[in-house]
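J.:
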Ligand code: ARG
């Protein structure tokens with residue numbers, strides 16, 4: 002005797018009632034996971050090809066399935082595909098369309114797999130592609146920073162600690178500090194690929210399958226160098242999502258630090274740089290204002306990406322093996338992290354070349370604040386004074402200069418000699434800003450000549466990404 006069934010759902014066989022509409026809306030993911038469609042099709046094509054080689058499907062069946070999947074993908078790309086929320090997710094939407102397109106044989110595509118290993122595979126394929134885009138954007142930013150560093154290799158500015166003028170540095174050197182941060186970010190993302198590039202397919206729902214599948218072949222077809230070694234782990238592992246979100250959070254941390262400095266530097270209180278009008282916005286009430294909104298928004302969006310990381314960590318926390326529906330929540334935070342990161346990196350690719358450095362203002366700022374006091378102490382050490390004593394002597398000298406309202410290099414030799422009789426005329430090489438930066442000509446130093454060398458090394462490093 003035939004029993005009543007839920008005929009809409011591919012899984013409706015054991016159900017006698019239709020799904021509650023609220024539950025349908027609550028559980029669907031196609032509204033956001035449809036962006037996985039190209040990877041879902043790619044994964045299904047590889048799976049069908051493997052099934053044919055393993056003798057589970059005939060060659061003809063596999064070919065029909067693959068042709069149908071490709072036709073569906075063309076429809077999706079053309080915007081002619083109707084996504085149905087009642088079919089829950091991207092996987093069941095595409096499978097249902099396949100059956101409609103190629104008939105009964107379409108029902109065979111899901112042999113020996115489950116949506117659990119399917120979605121894990123899709124997500125890895127998706128993330129692998131996005132990591133390539135993010136890495137290329139990072140490299141473009143690194144290139145822009147190197148260009149700025151080269152232009153401003155000799156531009157002296159105040160270097161800060163505690164946001165107090167500390168010692169003179171060059172603007173080029175400062176740009177290369179930013180470059181180093183992005184270099185690590187690119188390396189971190191590249192390193193994560195090893196753990197993204199692992200094939201879950203074959204794990205099926207959780208326990209593997211009794212069909213004679215060939216997982217190495219599927220891995221080869223999808224260009225995965227490794228296969229997940231445990232079926233339970235394969236369907237439930239989202240470490241690679243956590244790792245990506247963590248790497249993305251670090252990129253955003255770096256971008257937010259750049260942003261903060263640009264905001265400060267553009268403020269008339271600093272006046273170190275100008276940013277093209279096209280990259281700033283005005284105030285609706287204060288006519289004089291030119292605001293660095295792009296930098297501020299990047300700084301603000303950092304919060305979103307930190308939120309994405311916190312979300313995925315918390316989603317995964319405490320889940321028992323193997324797959325749980327909680328995992329469906331991995332997508333929106335990952336997608337948001339990817340989108341936000343790409344957007345902010347793109348903003349910086351455009352923003353960096355629009356920065357104009359106000360060299361005179363930098364120099365003027367460096368002249369204030371006794372930034373070569375440490376150089377004077379070094380000078381005394383060179384003359385045989387112990388560093389701690391030299392520190393105290395220079396402290397007194399600075400106190401005197403403040404009272405005289407003079408910079409250190411404006412003090413007469415006789416005035417300097419009041420504090421230590423060993424001071425001679427060569428001291429001015431130590432007190433002048435150019436002399437101070439030029440002397441720091443060691444690996445990692447701020448000397449203009451060293452910045453030029455570092456620029457050449459960076460260019461050489463980046464040349465490996467030429468095809469990127
Ligand atoms: N939409 C689901 C997800 O994103 C696909 C896997 C569903 N599996 C299941 N057993 N209900 O995780």
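In the working numbering, the protein residues as written are 2 to 469.
Here a beta-carbon is modelled for each residue, glycine too, at the ideal position from N, C-alpha and C.
Just checking, does the segment 417 to 425 make contact with the segment 142 to 159 on the three C-beta pairs under 8 Å criterion?
T.: no
J.: Which residue comes first and which comes last in the beta strand (DSSP E) that contains residue 159?
T.: What you label residue 159 is simply residue 158 of the chain shown in a count that begins at 1. 157 to 162 is the span of the beta strand (DSSP E), which, as asked, contains residue 159.
J.: Of the residues 342, 368, 118 and 200, which one's Cα is nearest the Cα of residue 160?
T.: Along the chain shown, read from residue 1 onward, the residue named residue 160 stands at position 159. Nearest C-alpha to residue 160: 368.
J.: Please indicate yes or no: does the CB of residue 92 lie closer than 8 Å to some heavy atom of the ligand ARG?
T.: Sequence index remark: in the chain shown, residue 92 carries index 91 (1-based). It does: the Cβ of residue 92 is within 8 Å (strictly closer) of some heavy atom of the ligand ARG.
J.: What I want to know is whether the C-beta of residue 333 ends up closer than 8 Å to one or more non-hydrogen atoms of the ligand ARG.
T.: Position 332 of the chain shown, counting from 1, holds the residue named residue 333. Incorrect: residue 333 has no Cβ contact closer than 8 Å to the ligand ARG.
J.: Is residue 168 a contact residue of the ligand ARG, with contact defined as CB to any heavy atom under 8 Å?
T.: To locate residue 168, count along the chain shown from 1; it is residue 167. Because no heavy atom of the ligand ARG lies under 8 Å away, the Cβ of residue 168 does not count as near it: no.
J.: Any idea what DSSP makes of residue 286, helix, strand or coil?
T.: Against the chain shown, residue 286 aligns to sequence position 285. Residue state, collapsed to three classes: coil.
J.: Taking 8 Å as the cut-off, does the CB of residue 7 come closer than this to any heavy atom belonging to the ligand ARG?
T.: As a working mapping, residue 7 is identified with position 6 in the chain shown. Checking every heavy atom of the ligand ARG against the Cβ of residue 7, none is found closer than 8 Å.
J.: For residue 2, does the count of other Cβ atoms within 10 angstroms reach 16, so buried, or fall short, so exposed?
T.: Taking the chain shown and counting its residues from 1, one reaches residue 2 at position 1. The predicted model places residue 2 with a pLDDT of 45, which falls under 50 and marks its position as unreliable; any figure quoted below should be read in that light. Answer is exposed; the Cβ neighbour count stays below 16.
J.: Quick one: using the 10 Å Cβ neighbour count with 16 as the cut-off for buried, is residue 284 buried or exposed?
T.: What you label residue 284 is simply residue 283 of the chain shown in a count that begins at 1. It counts as exposed.
J.: For the putative contact between residue 448 and residue 456, defined by C-beta atoms under 8 Å, what is the C-beta separation to the nearest angstrom?
T.: One-based indexing of the chain shown puts residue 448 at position 447. One-based indexing of the chain shown puts residue 456 at position 455. Incorrect: roughly 12 Å between the Cβ atoms, too far for contact.
J.: Give every residue of the same chain whose Cβ lies closer than 6 Å to the Cβ of residue 35, excluding the five residues on either side of it in the sequence, and list them in chain order.
T.: The sequence position of residue 35 within the chain shown is 34, counting from 1. Result list for residue 35: 84 and 91, in chain order.
J.: Mind checking who residue 171 pairs with in its DSSP beta bridge?
T.: If you number the chain shown from 1, residue 171 lands on position 170. For residue 171, which the question treats as bridged, DSSP gives the partners 157.
J.: Name the DSSP bridge partner or partners of residue 275?
T.: Taking the first residue of the chain shown as position 1, residue 275 is located at position 274. Residue 275 is bridged to 357.
J.: Taking the C-alpha atoms as reference points, what is the distance between residue 48 and residue 110?
T.: Within the chain shown, residue 48 is the residue found at index 47, counting from 1. Within the chain shown, residue 110 is the residue found at index 109, counting from 1. Approximately 8 Å, taken between the alpha carbons.
J.: Does the ligand ARG have even one heavy atom less than 8 Å from the beta-carbon of residue 36?
T.: To locate residue 36, count along the chain shown from 1; it is residue 35. Every heavy atom of the ligand ARG is 8 Å or more from the Cβ of residue 36, so no.
J.: Kindly indicate the opening and closing residues of the alpha helix (DSSP H) around residue 82.
T.: Counting from one through the chain shown, the residue named residue 82 turns up at place 81. For residue 82, there is no enclosing alpha helix (DSSP H), as DSSP marks it with neither H nor E.
J.: Round the Cβ separation of residue 209 and residue 232 to the nearest angstrom and send it over; I've been treating them as touching at under 8 Å.
T.: In the chain shown, the residue the question calls residue 209 occupies position 208. In the chain shown, the residue the question calls residue 232 occupies position 231. Indeed, because the Cβ distance is near 5 Å, the residues count as touching under 8 Å.
J.: Hey, is residue 320 close to the ligand ARG, as in C-beta under 8 Å from one of its heavy atoms?
T.: On the chain shown, residue 320 is found 319 positions in, with the first residue counted as 1. Residue 320 Cβ: outside cutoff for every heavy atom of the ligand ARG.
J.: Do residue 30 and residue 320 come within 9 Å of each other at the CB atom, strictly closer than that value?
T.: Stepping through the chain shown from its first residue, residue 320 is reached at position 319. Stepping through the chain shown from its first residue, residue 30 is reached at position 29. Contact flag unset, no.
J.: Flag this pair as touching only if the segment 153 to 172 and the segment 353 to 372 have three or more C-beta atom pairs under 8 Å; answer yes or no.
T.: Between the segment 153 to 172 and the segment 353 to 372 there are three or more C-beta pairs closer than 8 Å, enough to call the two in contact.
J.: Under DSSP, the alpha helix (DSSP H) around residue 10 begins and ends at which residues?
T.: As a first step, residue 10 must be located in the chain shown, where it is residue number 9. Run containing residue 10: none; DSSP gives neither H nor E here.
J.: Return yes when at least one heavy atom of the ligand ARG lies under 8 Å from the C-beta of residue 32, else no.
T.: Indexing the chain shown from 1 puts residue 32 at position 31. No, Cβ of residue 32 sits at least 8 Å from all heavy atoms of the ligand ARG.
J.: Mark residue 403 as exposed unless 16 or more other C-beta atoms lie within 10 angstroms of its C-beta, in which case mark it buried.
T.: Within the chain shown, the letter at position 402 stands for residue 403. Its Cβ having fewer than 16 others within 10 Å, residue 403 is exposed.
J.: Going by Cα to Cα distance, which pick from 11, 276 and 409 is closest to residue 429?
T.: Within the chain shown, the letter at position 428 stands for residue 429. Considering only alpha carbons, the answer is 409.
J.: The ligand ARG and residue 326: does any heavy atom of the ligand fall closer than 8 Å to the residue's C-beta?
T.: Mapped onto the chain shown, residue 326 falls at position 325. Using a cutoff of 8 Å, the CB of residue 326 counts as near the ligand ARG, since one of the ligand's heavy atoms is closer than that.
J.: Assuming residue 8 and residue 89 form a contact by the criterion Cβ under 8 Å, report the distance between their Cβ atoms to the nearest whole angstrom.
T.: As a first step, residue 8 must be located in the chain shown, where it is residue number 7. As a first step, residue 89 must be located in the chain shown, where it is residue number 88. 15 Å between Cβ atoms; not a contact.
J.: Mark residue 239 as exposed unless 16 or more other C-beta atoms lie within 10 angstroms of its C-beta, in which case mark it buried.
T.: Stepping through the chain shown from its first residue, residue 239 is reached at position 238. Per the 10 Å Cβ criterion, buried.
J.: Which of the three DSSP states is assigned to residue 464 in this structure?
T.: By one-based count along the chain shown, residue 464 stands at place 463. If DSSP states are grouped into helix, strand and coil, residue 464 belongs with the helices.
J.: What's the call for residue 60, buried or exposed, on a 16-neighbour Cβ count within 10 Å?
T.: Looking up residue 60 in the chain shown gives position 59. Classification of residue 60: exposed, given that the 10 Å Cβ count is below 16.
J.: Restricting to Cα atoms, I'd like to know which of 132, 450, 392 and 95 is closest to residue 187.
T.: Start at 1 with the first residue of the chain shown, and residue 187 comes out as number 186. It is 132.
J.: Please identify the residue among 379, 460 and 444 whose C-alpha is closest to the C-alpha of residue 432.
T.: Start at 1 with the first residue of the chain shown, and residue 432 comes out as number 431. Looking at the Cα atoms, 379 is the closest of the given residues.
J.: Could you check whether the Cβ of residue 24 sits closer than 8 Å to any heavy atom belonging to the ligand ARG?
T.: For the purposes of this step, residue 24 is taken as the residue at position 23 of the chain shown. No; taking the cut-off as 8 Å, the Cβ of residue 24 has no heavy atom of the ligand ARG nearer than that.
J.: Can you tell me where the alpha helix (DSSP H) with residue 258 in it begins and where it stops?
T.: Residue mapping note: residue 258 aligns to position 257 of the chain shown, counting from 1. Note, residue 258: alpha helix (DSSP H), 240 to 267.
J.: CB of residue 297 to nearest heavy atom of the ligand ARG: below 8 Å?
T.: Residue mapping note: residue 297 aligns to position 296 of the chain shown, counting from 1. Residue 297 Cβ: outside cutoff for every heavy atom of the ligand ARG.
J.: Between which two residues does the alpha helix (DSSP H) carrying residue 332 extend?
T.: Locating residue 332 in the chain shown gives position 331, where the first residue counts as 1. Membership of residue 332 in the alpha helix (DSSP H) is indicated by the continuous run 331 to 352.
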